[in-house]
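Enquirer:
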Amino acid sequence: MTSTPARGLLHLAAAISQGAVYGTEAEVEAVRLAERGGLDFVTLDDTSADPVTLLSRLASATTRIGLVPAATSARTEPGQVPGQARAAGAAPARTGRRIDAATAQDEARGDAREENARDDARDEKRDAGPCPPRDRPVRVIDATEAQARRAAALYADVVLVRVATAVQAAAVRDQVRRTAEESGRDPGALRILASLLVDLGDGEYAAAPGHGGGGPRQTAQGPHYRGGPVDLAELIATWHANGIVDGFHFTPVEPRRDLERLVNGTVALLQHRGLFRTFYPGSTLREHLDLVGRSDRAAVGGNSRLFKA
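For the sequence shown, position 224 matches number 591 in the working numbering, and the numbering has no gaps at all.
(1) Is the beta carbon of Arg461 closer than 8 Å to that of Gly433?
(2) Going by beta-carbon coordinates alone, are Arg516 and Val539 separated by less than 8 Å?
(3) With distances taken Cα to Cα, identify the nearest neighbour of Val435 among Glu601, Leu422 and Arg403.
(4) In this structure, how does DSSP classify Arg431 when only helix, strand and coil are distinguished?
(5) Here's the rule I'm using: 16 or more other beta-carbon atoms within 10 Å means buried, otherwise exposed. How should Val659 be labelled?
(6) Please classify Gly595 as buried or exposed, where buried requires at least 16 neighbouring CB atoms within 10 angstroms.
(7) Who pairs with Asp657 in a beta bridge, going by DSSP?
(8) For Val505, I'd like the list of residues in its chain whose CB is within less than 8 Å of its CB, leaving aside the five on either flank, ordered along the chain.
(9) Between which two residues does the beta strand (DSSP E) holding Ala708 run?
(10) Quick one: is Ser427 buried, meaning 16 or more other Cβ sit within 10 Å of its Cβ, or exposed?
(11) Helix, strand or coil for Ile603? Go by DSSP, reduced to three states.
(12) For Thr677, report the span of its beta strand (DSSP E) as first-last.
(13) Given a cut-off of 8 Å on the beta-carbon distance, is the pair Leu527 and Asp613 in contact?
(14) Kindly give me the distance between the Cβ atoms of Ala343 and Val543, rounded to whole angstroms, as I take these residues to be in contact under 8 Å.
(15) Per DSSP, Tyr592 forms a beta bridge with which residues?
(16) Kindly provide the ranges of any alpha helix (DSSP H) runs that are 4 or more residues long and lie completely inside the stretch 498–529, ordered along the chain.
(17) Name the DSSP bridge partner or partners of His616?
(18) Buried or exposed for Thr645, please, with buried defined as at least 16 other CB atoms from any protein chain shown within 10 angstroms of its CB.
(19) Assuming Leu379 and Phe643 make a contact with CB atoms under 8 Å, what is their CB distance in whole Å?
(20) Could you check if Gly404 is buried or exposed, using at least 16 other CB atoms within 10 Å of its CB as the buried criterion?
(21) Can you tell me which of Thr430, Val395, Pro459 and Ala556 puts its alpha carbon nearest to the alpha carbon of Gly375?
(22) Indicate whether Ile611 and Ala536 have their beta-carbon atoms separated by less than 8 Å.
(23) Using a Cβ-Cβ cut-off of 6 Å (strictly less than) and excluding sequence neighbours within five positions of Ser562, which residues of its own chain qualify?
(24) What residues in its chain sit with their C-beta under 8 Å from that of Pro648, if we drop five residues either side in the sequence?
(25) Classify Thr645 as helix, strand or coil using the three-state DSSP reduction.
(26) Pop quiz: Leu567 and Arg628 are said to be a contact at Cβ under 8 Å. What is the actual Cβ separation, rounded to whole angstroms?
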């Protein structure tokens with residue numbers, strides 16, 4: 368492994384919507400729980416018939432946590448999520464979106480056009496360089512597949528990686544960061560998160576074989592951790608301290624039970640050890656991810672007006 372020790376904050380996120388498992392009220396309560404735990408953001412499945420209504424409900428029910436819906440369906444065009452967020456009453460600065468690597472460049476162009484339109488209505492004091500990324504929605508790309516990694520390096524802010532071992536995670540992280548740097552982008556403008564299915568059970572018990580300190584187990588559904596909240600906290604702390612990843616994105620196997628045990632057990636333990644925040648120091652998703660002021664040259668071609676029509 369060639370990774371260097373991780374620097375900065377540990378970043379944690381969770382998947383909320385899971386098809387028919389959740390109704391809107393349950394989603395609201397789940398996002399509130401995630402916010403109480405200080406998680407950076409939650410991701411939402413692309414299953415809602417009305418994403419604007421869902422964003423509105425979640426935004427009005429919370430104040431800080433980032434909201435990241437999928438933006439890969441036919442009903443969501445590149446650059447549309449910022450408009451959806453404003454229509455829903457959710458500040459774009461709190462939003463992000465998951466995008467497909469194949470459409471990442473189009474998404475970046477849509478973002479640039481949106482930024483240009485806003486810039487035209489403001490003072491020209493920001494013309495000298497890239498638009499400050501404070502209020503641009505965060506782009507999230509799954510780079511598990513090798514063909515997605517270049518797009519992630521160029522256009523993502525958050526890179527999700529579904530891998531079962533520390534060695535695999537570190538290799539992907541190094542590859543993505545190296546590609547970003549070779550393309551003229553600050554590799555520090557990327558956050559690499561390991562994606563895990565988590566089954567925290569009904570009580571505290573030792574991690575099952577192939578899990579816990581030995582790492583998650585690869586399954587047909589993806590990397591799967593099955594064990595107790597304490598062992599999961601140890602896994603998180605070890606991978607982060609060794610520079611393997613910047614954080615984790617969790618998908619609870621049993622949504623209500625596992626999210627509650629994640630927040631009240633694993634996250635609480637990490638907070639007690641001083642490894643994770645106990646409050647949000649800022650109000651935007653980019654602040655949560657410690658991305659404010661980071662160079663985004665490759666993602667917008669070195670100038671926010673590159674793609675202006």
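Ideal Cβ positions, reconstructed from N, Cα and C, are used throughout, including at glycine.
Expert: Let me spell this out:
(1) Along the sequence shown, one-based indexing puts residue 433 at 66. Along the sequence shown, one-based indexing puts residue 461 at 94. Using a Cβ distance threshold of 8 Å, Gly433 and Arg461 count as a contacting pair.
(2) Here residue 516 refers to the residue found at position 149 of the sequence shown. Here residue 539 refers to the residue found at position 172 of the sequence shown. Result yes, Cβ atoms of Arg516 and Val539 sit closer than 8 Å.
(3) Position 68 of the sequence shown, counted from the first residue, corresponds to residue 435. If we check each option's Cα against that of Val435, Leu422 comes out closest.
(4) Your numbering for residue 431 matches position 64 in the sequence shown. The answer is coil: DSSP assigns Arg431 none of H, G, I, E or B.
(5) Translated into the one-based positions of the sequence shown, residue 659 becomes position 292. The residue in question, Val659, is exposed, as its Cβ has fewer than 16 Cβ neighbours within 10 Å.
(6) Taking the first residue of the sequence shown as position 1, residue 595 is located at position 228. Per the 10 Å Cβ criterion, buried.
(7) For the purposes of this step, residue 657 is identified with residue 290 of the sequence shown, where counting begins at 1. Partner(s): none; Asp657 has no beta bridge.
(8) Walking along the sequence shown from the start, residue 505 turns up at place 138. The beta carbon of Val505 sits closer than 8 Å to the beta carbons of Phe408, Gly433, Val435, Thr462, Gly463, Arg464, Asp524, Val525, Leu652, Arg653, Leu656 and Leu658 from its chain, once the five residues preceding and following it are set aside; these are given in chain order.
(9) No statement about residue 708 is possible, as the shown extent of the chain runs from 368 to 676 and does not include it.
(10) Here the question's residue 427 lines up with position 60 in the sequence shown. Exposed, because fewer than 16 other Cβ atoms sit within 10 Å of the Cβ of Ser427.
(11) Counting from one through the sequence shown, the residue named residue 603 turns up at place 236. Here Ile603 sits in helix by DSSP.
(12) Summary: the structure shown does not reach residue 677, with the chain confined to residues 368 through 676, and so no result is reported for it.
(13) As a first step, residue 527 is located in the sequence shown; it is residue number 160 there, counting from the start. As a first step, residue 613 is located in the sequence shown; it is residue number 246 there, counting from the start. Not a contact, by the Cβ cut-off of 8 Å.
(14) Only positions 368 to 676 of the chain appear in the structure, and residue 343 is not among them; the question remains open.
(15) Looking up residue 592 in the sequence shown gives position 225. For Tyr592, which the question treats as bridged, DSSP gives the partners Val565.
(16) 516–522
(17) Position 249 of the sequence shown, counted from the first residue, corresponds to residue 616. Answer is Ala380 and Ser562.
(18) Residue mapping note: residue 645 aligns to position 278 of the sequence shown, counting from 1. Under this definition Thr645 is an exposed residue.
(19) To locate residue 379, count along the sequence shown from 1; it is residue 12. To locate residue 643, count along the sequence shown from 1; it is residue 276. With a Cβ gap of about 7 Å, Leu379 and Phe643 count as contacting.
(20) For this step, residue 404 is matched to residue 37 along the sequence shown. Buried, by the Cβ-count rule.
(21) Taking the first residue of the sequence shown as 1, we reach residue 375 at position 8. Looking at the Cα atoms, Ala556 is the closest of the given residues.
(22) As a first step, residue 611 is located in the sequence shown; it is residue number 244 there, counting from the start. As a first step, residue 536 is located in the sequence shown; it is residue number 169 there, counting from the start. Contact: yes.
(23) As a working note, residue 562 is residue 195 in the sequence shown. Around Ser562: Leu527, Arg529 and His616.
(24) Taking the first residue of the sequence shown as 1, we reach residue 648 at position 281. Here the set comprises Glu654.
(25) The residue given as residue 645 occupies position 278 in the sequence shown. Note: Thr645 maps to coil in three-state DSSP.
(26) Looking up residue 567 in the sequence shown gives position 200. Looking up residue 628 in the sequence shown gives position 261. About 4 Å; that satisfies the 8 Å criterion.
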